[in-house]
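Working notes for the structure below.
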Amino acid sequence: MKQERYEKKKLFRCVIAAILLLVTASAVYFFQFSQCGYLMTVPHRPVFTEIADNVYINKNYAGDQQEVLELISQAEERDRTFFGELSFWDETIIIICDDEKLISKLGEDHATPTYFAPSKKHYICISDEYLNLDILAHEITHAELHTRLSKSALKRIPTWFDEGLATQNDYREQYSEEQWIKQTDSGKNIIALEDMDAPAEFYAGEAGDRRFRYLNAKHELAGWIEKHGQQGLTELLDELNNGTDFAFAYE
Numbered sequence: 378m379k380q381e382r383y384e385k386k387k388l389f390r391c392v393i394a395a396i397l398l399l400v401t402a403s404a405v406y407f408f409q410f411s412q413c414g415y416l417m418t419v420p421h422r423p424v425f426t427e428i429a430d431n432v433y434i435n436k437n438y439a440g441d442q443q444e445v446l447e448l449i450s451q452a453e454e455r456d457r458t459f460f461g462e463l464s465f466w467d468e469t470i471i472i473i474c475d476d477e478k479l480i481s482k483l484g485e486d487h488a489t490p491t492y493f494a495p496s497k498k499h500y501i502c503i504s505d506e507y508l509n510l511d512i513l514a515h516e517i518t519h520a521e522l523h524t525r526l527s528k529s530a531l532k533r534i535p536t537w538f539d540e541g542l543a544t545q546n547d548y549r550e551q552y553s554e555e556q557w558i559k560q561t562d563s564g565k566n567i568i569a570l571e572d573m574d575a576p577a578e579f580y581a582g583e584a585g586d587r588r589f590r591y592l593n594a595k596h597e598l599a600g601w602i603e604k605h606g607q608q609g610l611t612e613l614l615d616e617l618n619n620g621t622d623f624a625f626a627y628e
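Per our numbering, the sequence shown starts with residue 378, numbered consecutively.
In structure tokens:
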């Protein structure tokens with residue numbers, strides 16, 4: 378009987394040890410090797426340093442920190458003119474990085490992934506290669522839009538709307554109206570919006586294919602905003618948060 382109890386206790390300890398080992402291994406993998414886990418812990422990692430509220434650079438960053446902050450300020454002002462008041466900072470971290478190994482861990486070199494656990498947070502990740510006013514303004518537009526929308530509303534917006542709005546504050550020549558006229562033959566060869574709804578559709582193909590979709594999305598949103606204005610955009614986002622179907626609210 379004693380031997381049987383001993384064996385049961387031994388088995389129990391082994392099971393507990395195995396569970397703890399599995400939990401530890403899962404945690405290490407999540408925080409070290411998944412994009413979400415790594416981004417969540419950037420503020421606590423010694424390889425990054427905070428140079429302003431919610432703005433981080435890698436500790437060996439070779440660029441001028443003041444120039445980084447000035448660019449962010451200029452991009453913020455561009456977005457403020459577009460949106461009116463901005464609210465993205467409470468939910469957003471900006472990470473500027475020029476270390477290739479760390480960029481691979483961040484998972485992005487110029488993008489704004491949004492995660493909802495443990496709370497909604499947007500991570501603007503930009504490598505030194507892509508650090509300029511247009512790209513910063515583009516990514517801040519994503520962050521502001523995602524801040525203004527609920528989780529369910531975010532899931533309902535098509536990719537062309539998300540990217541089309543972001544390119545309103547991206548003044549690069551490749552997304553200009555002149556390029557749209559040239560590449561679509563004055564609108565004769567456009568892409569249907571329903572063919573750019575999902576990320577798999579919008580980001581498919583070569584860089585030129587993607588750029589053409591950005592160009593079409595920007596043109597579409599530019600026309601909509603010219604008609605409805607800043608107030609119309611605010612009302613559209615409110616409608617989406619209230620559960621209105623995107624197509625109905627947009628049209």
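Glycine residues also receive a C-beta, built at the ideal position from the N, C-alpha and C atoms. None of the values given here were measured: they were computed from a predicted structure.
In the three-state DSSP reduction, threonine 491 falls in the strand class (E or B).
In the DSSP assignment, histidine 596 falls within the alpha helix (DSSP H) that extends over 584–618. Under the three-state reduction of DSSP, alanine 626 is assigned to helix. No alpha helix (DSSP H) of 4 residues or more sits fully in the stretch 457–482. Alanine 514: member of the alpha helix (DSSP H) spanning 510–525, first to last residue. Distance from isoleucine 449 to isoleucine 471 at the Cβ level is roughly 6 Å; contact confirmed, criterion being Cβ atoms closer than 8 Å. In this structure, the beta-carbon distance from alanine 594 to glutamate 540 falls below 8 Å. The DSSP assignment places 536–543, 554–561 and 576–579 as complete runs of the alpha helix (DSSP H) inside the stretch 532–579, in order along the chain (cut-off: 4 residues). Residue environment for alanine 569: exposed (fewer than 16 other C-beta atoms within 10 angstroms of its C-beta). In the DSSP assignment, tyrosine 415 falls within the unbroken alpha helix (DSSP H) covering 412–417. According to the DSSP secondary-structure assignment, glutamate 427 is paired through a beta bridge with Tyr433. A Cβ-Cβ contact shorter than 8 Å links tyrosine 591 with tyrosine 552.
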